[in-house]
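**Q** Each residue of the sequence shown is one higher than the one before, starting from 47 at the first, in our numbering.
All C-beta atoms, glycine included, are put in the ideal place defined by N, C-alpha and C.
Only a predicted model underlies this, so the values are computations on that prediction, with no experimental measurement involved.
Dropping the structure in here first, questions after.
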Amino acid sequence: MSRPGFVLEVDDRTPPLIVHEGLGFRLENFPLGTRVVYPPESLPAVPDVDAAIHEALHNPVDSEPLPELLKAGMRLTIAFDDLSLPLPTMKAPDIRGRIIEQVLTLAAEAGVDDVELIAANALHRRMTADELKHIVGERVFRSFFPQGLLYNFDAEDRDNLAHLGTTDKGEDIEISKRAAESDLLIYVNVNLVAMDGGHKSVGIGLASYKSLRHHHNAKTMVHSRSFMDHKHSEMHHSAWRIGRVIKDHVKVFQIETTLNNDVFPKPYNFLQKREWEWSVRDQATMLGMRRGLAVAPPKLKHKMFHDLRSVYGLTGVNAGEVEAVHERTLEKVHQQHLVEVQGQSDVLVMGVPYLGPYNVNSSMNPILATCMGLGYYFNSYRGQPVVRKGGAVILYHPLNEGFNQLHHPSYVDFYEEVLAESTDPAVVGEKYEQQFAQDPWYIHLYRTSHAYHGVHPFYMWYWAAHAMDHVDEVIWVGADRKVASRLGFRAATTLMDALEMASGTVGTSPSITYLHNPPHLLADVR
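See below:
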C-alpha cells in the first residue's frame, strides 16, 4: 500500500534534508518550523501492461473500439510525445512503443497499409535515430524509419502544414498536413504531470509557430494560475479551444498513459525515501555518491545522471475521445501527485535538479534552470501558489552549466543580448520574439540539425512569468552571482544568507515551505 503525500514540520529531531542542485544534491538543515511537502509514494503498477493496453484499445471511452475504426485503404497517422517526456527517460521498453506495436498489429489485421509515425516535437529539437528507436522500439523502428515513415515533425516545412481555421478568439490552427488529412489520427501520450495531454497533445505537439504564438506568450503565461490546474490555466483554455476546432476536421483517437513515482532506480532510490527512514545502506550510498560527485569532473557527473533510466510503473491507460480520456487521466495523475497543503508561506524553497523537458541528453543552461524552477516547480500547485503574493522564492542550482551549441544556439544570443537589455517577459517578447522566430539561421538549424527553434528560449522565459509577477524576491543558493544577476535575480552562498537577503521582503521570521521534489508532487493549497 502506497502512502499519500506528507507535510512535515521541521523540529529538533528532523535530520538534514536532501535538496537537488543541478548535477548533484546537498543535505540542508532547515529552520525550525519549516514545512516540508513530500510527494506521495508510488501507486501500484498495472500488473499486466499488454493486457491493459489491449483493454483500452478494444473498450475505449466515448469511441468505437479501435479495430472498428481501422479500414483497408485508409490513411492512418500515429503521433507520439517526444523525449521531453517522461523525466528521466523510461527504461526500455518505453510504454509508447508497446502501445504503438499493438496499434500497428490491429492496423495490419485490418489491411491498413498507408501508415506514418510522427514524433510530436513542435518547436523542440529533432530527435536522433537512437532516441526515436528508444521510444518506438527496435521492431517498429526497423519497419518504418529506413523508409522515411517514422520522422520528427517539422514546424517550418510550409508545404506540409495545414491551416484549419481560427478559434472564436482568433487563434490560428496550423498543424501537420499529414495529420490533418488523415482518416484517423492516433495520438500516444505519456501524462507525467497534470499539464500534459488532452487537447495539448495534437494542438501543440503537431503545431507551427503560427499557432503556438497564441498561447506561448507572456500575457497567457501570467494568467495561467497554474499550468497544472487546467481549470485556471489560460494556456489550457487556448489549447482546448484549438483542440475543439481540430476535432471538427480530424478524427482523433487519443491514447493516454499515467505513470507512478518510481523515478530513481537503484542505487539512486534513496532519493525517493524520507530521510529519517533511510537504512544504513541508504546512508552509505548517499555519502558515497556525495563524495564521488565532489571530485568527479563535470563530464562524468553529467554522464552519471543523464544515463539514468527510470523504472516507472504504468498506473493506467485510457483511449478514445480526447476530453473523456483526459478526464480519467487527470483522476489518476491527481491520485499520484496531490498533497494537501494548508495556506501559503512567506518563502518557497525548491531545489532544481539536473533534468528538465528541454535538456534531455544535453545541458541545463541558466534559462532552462529558471524555467524549471520558476516555471514548472513554482506552478506545481492547485488552488493558489504555495508562496504568498509579494513573497520570496529561494532556488538551489549553480547556474554554471554552459549552453549546448548543438541543441540551444538561440539561447546563447537570448542570454547575451536580450536579457542584457531587459528581463521582463512582456518587454523581451514584444521587442525580440519575431526576430528570433523568423531568423533564417535558427530555422535552418532547427530543420536540419538538432537545435531547438529560435523562439524557444522566449517560451522558457515566459514559463517563469507568473512566478516573476507573483513574488518580490528570487534568490539562488550556490549560484554564479554574475549569471544570477544577468537573469535579474540575486545569489546567496547558503540558505541562511538567502533568508537574510530576503528579510527586507518577508521579515526576519518568515514562514517557509520546502517542496521536496522530485519525485513529482502537486500542492493542493487550501
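Round the Cβ separation of residue 423 and residue 396 to the nearest angstrom and send it over; I've been treating them as touching at under 8 Å.
**A** Along the sequence shown, one-based indexing puts residue 423 at 377. Along the sequence shown, one-based indexing puts residue 396 at 350. Contact flag correct, Cβ pair sits at about 5 Å.
**Q** Taking the DSSP output, what are the residues bridged to residue 428?
**A** The residue labelled residue 428 in the question sits at position 382 within the sequence shown. DSSP lists 570 as partners of residue 428.
**Q** Roughly how many angstroms separate the alpha carbons of residue 174 and residue 469, rounded to a whole number?
**A** Translated into positions along the sequence shown, residue 174 becomes position 128. Translated into positions along the sequence shown, residue 469 becomes position 423. Cα to Cα, the separation comes out at about 33 Å.
**Q** With a CB to CB cut of under 7 Å and the five nearest residues on each side skipped, what residues in its chain are close to residue 535?
**A** Residue 535 sits at position 489 when you count from the first residue of the sequence shown. Hits under 7 Å: 520, 521 and 522.
**Q** Could you tell me whether any Cβ in chain C is nearer than 7 Å to the Cβ of residue 67?
**A** In the displayed structure, chain C is absent; only one protein chain is listed.
**Q** Within a Cβ cutoff of 8 Å, which residues of the same chain sit near residue 220, ignoring the five residues on either side of it in sequence?
**A** Counting from one through the sequence shown, the residue named residue 220 turns up at place 174. So the list reads 207, 208, 209, 210, 253, 254, 256 and 257, once near-sequence residues are dropped.
**Q** May I ask which residues mark the beginning and end of the beta strand (DSSP E) holding residue 460?
**A** For the purposes of this step, residue 460 is identified with residue 414 of the sequence shown, where counting begins at 1. Careful: residue 460 lies outside any beta strand (DSSP E) and carries neither H nor E.
**Q** Helix, strand or coil for residue 399 per DSSP?
**A** By one-based count along the sequence shown, residue 399 stands at place 353. Here residue 399 sits in strand by DSSP.
**Q** Quick one: which unbroken beta strand (DSSP E) runs of 3-plus residues sit fully inside the stretch 137-208? Chain order, please.
**A** Segments of the beta strand (DSSP E) lying fully in the stretch 137-208: 160-166 and 196-198.
**Q** For residue 437 versus residue 418, is the C-beta distance shorter than 7 Å?
**A** Sequence index remark: in the sequence shown, residue 437 carries index 391 (1-based). Sequence index remark: in the sequence shown, residue 418 carries index 372 (1-based). The answer is no: Cβ separation not under 7 Å.
**Q** Please list, in chain order, all residues of the same chain as residue 393 whose beta carbon is under 8 Å from its beta carbon, the five residues on each side excluded.
**A** Indexing the sequence shown from 1 puts residue 393 at position 347. For residue 393, where only same-chain residues beyond five positions count, the Cβ hits under 8 Å are 433, 437, 438, 439, 440, 545, 548, 552, 556, 557, 558 and 559.
**Q** How many whole angstroms separate the CB atoms of residue 568 and residue 384, which I take to be in contact at a CB cut-off of 8 Å?
**A** For this step, residue 568 is matched to residue 522 along the sequence shown. For this step, residue 384 is matched to residue 338 along the sequence shown. Residue 568 to residue 384, Cβ: 5 Å. Contact.
**Q** Let me make sure I understand the geometry here. Which of 289, 370 and 136 has the alpha-carbon closest to that of residue 212?
**A** Mapped onto the sequence shown, residue 212 falls at position 166. When only C-alpha atoms are compared, the closest one is 289.
**Q** Take residue 129 and list the residues in its own chain whose beta-carbon comes closer than 6 Å to its own, dropping the five residues that flank it on each side.
**A** Along the sequence shown, read from residue 1 onward, the residue named residue 129 stands at position 83. Here the set comprises 173, 177 and 406.
**Q** In angstroms, rounded to a whole number, what distance separates the CA positions of residue 260 and residue 234?
**A** Along the sequence shown, one-based indexing puts residue 260 at 214. Along the sequence shown, one-based indexing puts residue 234 at 188. Their backbone Cα atoms lie some 24 Å apart in a straight line.
**Q** Considering Cα atoms alone, identify which of 62, 454, 56 and 51 is closest to residue 333.
**A** Here the question's residue 333 lines up with position 287 in the sequence shown. With distances taken between Cα atoms, residue 333 lies closest to 62.
**Q** Select from 336, 475, 380 and 368 the residue whose C-alpha is nearest the C-alpha of residue 67.
**A** Position 21 of the sequence shown, counted from the start, is the residue given in the question as residue 67. It is 336.
**Q** Going straight from the alpha carbon of residue 404 to that of residue 170, what length do you get?
**A** What you label residue 404 is simply residue 358 of the sequence shown in a count that begins at 1. What you label residue 170 is simply residue 124 of the sequence shown in a count that begins at 1. Rounded to the nearest angstrom, the two C-alpha atoms are 8 Å apart.
**Q** Taking the Cβ atom as the reference point for each residue, do residue 136 and residue 408 lie within a distance shorter than 7 Å?
**A** Residue mapping note: residue 136 aligns to position 90 of the sequence shown, counting from 1. Residue mapping note: residue 408 aligns to position 362 of the sequence shown, counting from 1. No, the Cβ-Cβ distance between residue 136 and residue 408 is not below 7 Å.
**Q** Could you work out which residue in 343, 481, 518 and 320 is closest to residue 83 when comparing CA atoms only?
**A** In the sequence shown, the residue the question calls residue 83 occupies position 37. Comparing Cα positions, the closest option is 320.
**Q** Residue 442 and residue 464: beta carbons closer than 7 Å?
**A** Against the sequence shown, residue 442 aligns to sequence position 396. Against the sequence shown, residue 464 aligns to sequence position 418. Their beta carbons are not under 7 Å apart, which means residue 442 does not touch residue 464 by this criterion.
**Q** Candidates 486, 480, 524 and 214: which alpha carbon is nearest residue 505's?
**A** By 1-based counting over the sequence shown, the position of residue 505 is 459. Among 486, 480, 524 and 214, the Cα nearest to that of residue 505 belongs to 480.
**Q** With DSSP run on the structure shown, which of helix, strand or coil describes residue 381?
**A** Start at 1 with the first residue of the sequence shown, and residue 381 comes out as number 335. Residue state, collapsed to three classes: helix.
**Q** If the criterion is Cβ atoms closer than 7 Å, does the pair residue 570 and residue 373 meet it?
**A** What you label residue 570 is simply residue 524 of the sequence shown in a count that begins at 1. What you label residue 373 is simply residue 327 of the sequence shown in a count that begins at 1. No, they are not a contact pair.
**Q** Need the endpoints of the alpha helix (DSSP H) that residue 445 sits in, please.
**A** The residue you call residue 445 lines up with position 399 of the sequence shown. No alpha helix (DSSP H) contains residue 445, which DSSP labels as neither H nor E.
**Q** Using 8 Å for Cβ pairs, my map puts residue 156 next to residue 116. What's the rounded Cβ distance?
**A** In the sequence shown, counting from the first residue as 1, residue 156 sits at position 110. In the sequence shown, counting from the first residue as 1, residue 116 sits at position 70. With a Cβ gap of about 4 Å, residue 156 and residue 116 count as contacting.
**Q** Should residue 69 and residue 400 be called a contact, given that it needs their Cβ atoms to be closer than 7 Å?
**A** Reading the sequence shown from its first residue, position 23 is the one you call residue 69. Reading the sequence shown from its first residue, position 354 is the one you call residue 400. Cβ atoms of residue 69 and residue 400: closer than 7 Å.
**Q** Got a sec? Which residues, its chain only, sit under 8 Å from residue 391 by beta carbon, not counting five neighbours each side?
**A** Here residue 391 refers to the residue found at position 345 when the sequence shown is read from its first residue. 81, 432, 433, 434, 437, 556, 557, 558 and 559.
**Q** With DSSP as the reference, label residue 224 as helix, strand or coil.
**A** Working through the sequence shown from its first residue, we reach residue 224 at position 178. Reduced to three states, the DSSP call for residue 224 is helix.
**Q** On a Cα-Cα basis, can you pick out the residue from 297, 262 and 167 that is closest to residue 227?
**A** The residue given as residue 227 occupies position 181 in the sequence shown. With distances taken between Cα atoms, residue 227 lies closest to 297.
**Q** So what's residue 435 in DSSP terms, helix, strand or just coil?
**A** Looking up residue 435 in the sequence shown gives position 389. Correct three-state label for residue 435: strand.
**Q** Run the CB neighbour count on residue 650, radius 10 Å, all protein chains shown included, and call it buried at 16 or more, exposed below.
**A** With the chain represented from 47 up to 572, any question about residue 650 goes unanswered, as that position is not in the structure.
**Q** Taking the Cβ atom as the reference point for each residue, do residue 198 and residue 237 lie within a distance shorter than 7 Å?
**A** If you number the sequence shown from 1, residue 198 lands on position 152. If you number the sequence shown from 1, residue 237 lands on position 191. Their beta carbons are not under 7 Å apart, which means residue 198 does not touch residue 237 by this criterion.
**Q** For the ligand ADP, I want to know if residue 344 counts as a neighbour, meaning its beta carbon is within less than 6 Å of at least one of the ligand's heavy atoms.
**A** Ligands displayed in this structure: none; no statement on the ligand ADP is therefore possible.
**Q** I'd like the list of long-range same chain contacts for residue 310, defined as Cβ closer than 6 Å, with 5 residues on each side in sequence excluded.
**A** Within the sequence shown, residue 310 is the residue found at index 264, counting from 1. Closer than 6 Å at the Cβ level, and outside the excluded window around residue 310, lie 317 and 318.
**Q** Considering only DSSP beta bridges, list what residue 218 is partnered with.
**A** Here residue 218 refers to the residue found at position 172 of the sequence shown. Looking at the DSSP assignment, residue 218 forms a beta bridge with 212.
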